[in-house]
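J.:
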Amino acid sequence: MQEQRSSRRMLLGADGNALVNLVVVNAVLFVLLKFIYVIYQLSGMNMNSFEPTVLDWFRMPAAVEKLATRPWTLLTFMFTHVDVFHILANMLWLWMFGYILQDMTGNRKLVPVYLLGGWVGGIVFVISHYLVPHPAGQMAGITMMGANASILAVAVATTSVAPDYRIFPMINGGIPLWIITAVYIIVNFAGMPVSRPEIYLAQIAGGATGFMFIYQMRRGRDWSTWINQFFDWFENLFNPEKPSRKTKKKKDNFFYKVSGQAPFKKYPHITQQRIDQILDKINQEGYHMLTDEEKDILKRAANEEEL
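Note that the sequence shown covers residues 3 to 309 in this note's numbering.
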């Protein structure tokens, strides 16, 4: 079917694939930190100084006074991993949930969900740090890093979009997505230290953000708009010849509408350019954003190919 082909094109061959970009950023930062760590080892430097002199510039401190001097860590912490198993597990979960979310909602929702989940989780982490009692002397040294809150936001958002989506169809017709999400939450929370309740609260906040993102989107309030607009503006700074992305007013391009019953229905000739425009819209916004007219064009194009 045409919509299946367009979905594969979006996920595997489209430029600026959001899921691939997120995995690459996480992997590159992990390799960079490991490279610096190896340099410390080979040069005979004090390994105890690696965390305060290198890692602390990427992970987010819970203390507000320290966070104020390193505000960028509110972004970098959600891409920072130092343990091999930690990043492998996170990237596998991100790929599974992100693949489905990107297929369902298009290429411009995944990154905003990831970022918003991480930001809200980070803010809750800082706030709860001051509400949860800690032993004396540990207040200033508590930090957070890893993509867990962001991935939980993606997982919950994906499940909110399609809770009955089934994966592994060879196993008794497939496993519902909500069961996979429940397993992920249990495994994720089981691996966190009991002595760090602020980490639990941060990840719960990330998951709640994913749910609210889809809840608001279904009511016509798209939280991803300002993030995507910022990315478009930033991209245009380095590529001024690229036409800016603008939302065009929807109108009927095929026949003039008059009041009353039309004497006949005119079917326009389906051009490859029109099909490409619809596929690009699926890539950016998701299949569910197509109008009935655009869905009809895809269906008729698929029927023509079968003839």
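Glycine included, every Cβ here is placed at the ideal spot set by N, Cα and C.
List the endpoints of the continuous alpha helix (DSSP H) containing TYR167.
T.: Unbroken run through TYR167: none, as it is neither H nor E.
J.: So MET62 and THR71 are in contact, right, with Cβ under 8 Å, and what is the actual spacing, rounded?
T.: Incorrect: roughly 12 Å between the Cβ atoms, too far for contact.
J.: Could you check if GLY176 is buried or exposed, using at least 16 other CB atoms within 10 Å of its CB as the buried criterion?
T.: Looking at its Cβ environment, which holds fewer than 16 other Cβ atoms inside 10 Å, GLY176 is exposed.
J.: Is it the case that the region 208–220 contacts the region 140–157, given that we only count it when at least three CB pairs across the two stretches are under 8 Å?
T.: Counting Cβ pairs under 8 Å, three or more are found: they touch.
J.: Taking 9 Å as the cut-off, decide whether the C-beta atoms of ALA65 and ILE144 are in contact.
T.: Cβ distance < 9 Å, so ALA65 and ILE144 count as in contact.
J.: Per DSSP, THR145 forms a beta bridge with which residues?
T.: THR145 pairs with PRO63.
J.: Counting only the same chain and skipping the five closest in sequence on each side, list residues whose C-beta sits under 6 Å from that of PHE99.
T.: Answer for PHE99: VAL156, ALA157 and THR160, listed in chain order.
J.: Applying the criterion that 16 or more other CB atoms from any shown protein chain within 10 Å of the CB defines a buried residue, is THR293 buried or exposed?
T.: Looking at its Cβ environment, which holds fewer than 16 other Cβ atoms inside 10 Å, THR293 is exposed.
J.: Curious, which full-length alpha helix (DSSP H) runs of at least 4 residues does the region 147–235 contain?
T.: With a minimum length of 4 residues, the continuous alpha helix (DSSP H) runs that stay inside the region 147–235 are 150–163, 179–192 and 199–220.
J.: Would you mind sorting GLY46 into buried or exposed? The rule is 16 or more other CB atoms within 10 Å of its CB.
T.: Under this definition GLY46 is an exposed residue.
J.: Quick check on DSSP: helix, strand or coil for ASN238?
T.: In the structure shown, ASN238 sits in a helix (DSSP, three-state: H, G or I).
J.: Secondary structure at PRO135, three-state DSSP: helix, strand or coil?
T.: Three-state result, PRO135: coil.
J.: Is it true that the region 89–104 meets the region 15–35, where meeting means three or more beta-carbon pairs spaced less than 8 Å apart?
T.: Contact holds: three or more Cβ-Cβ distances are below 8 Å.
J.: By the three-class DSSP mapping on this structure, what secondary structure does ASN19 have?
T.: Three-state DSSP puts ASN19 in coil, outside helix and strand.
J.: Is MET214 closer than 9 Å to TYR202 when the C-beta atoms are compared?
T.: No, these two residues do not count as a Cβ contact at 9 Å.
J.: Work out the CA separation of MET172 and PHE240 for me, nearest whole Å.
T.: If you take the alpha carbons of PHE240 and MET172, they lie about 47 Å apart.
J.: Do TYR101 and LEU21 count as a contact pair if the criterion is CB distance below 9 Å?
T.: Yes, the Cβ-Cβ distance between LEU21 and TYR101 is below 9 Å.
J.: Distance check for ILE182 and PHE32, CA to CA, integer angstroms please.
T.: Each residue's Cα considered, the two are about 26 Å apart.
J.: Let me know the secondary structure DSSP gives TYR26 once reduced to three states.
T.: Correcting the residue identity first, residue 26 is Val in this sequence and not Tyr. DSSP places VAL26 in helix when its eight states are reduced to three.
J.: Using the C-alpha atoms, what's the distance from ILE89 back to MET80?
T.: The alpha-carbon atoms of MET80 and ILE89 are separated by roughly 11 Å.
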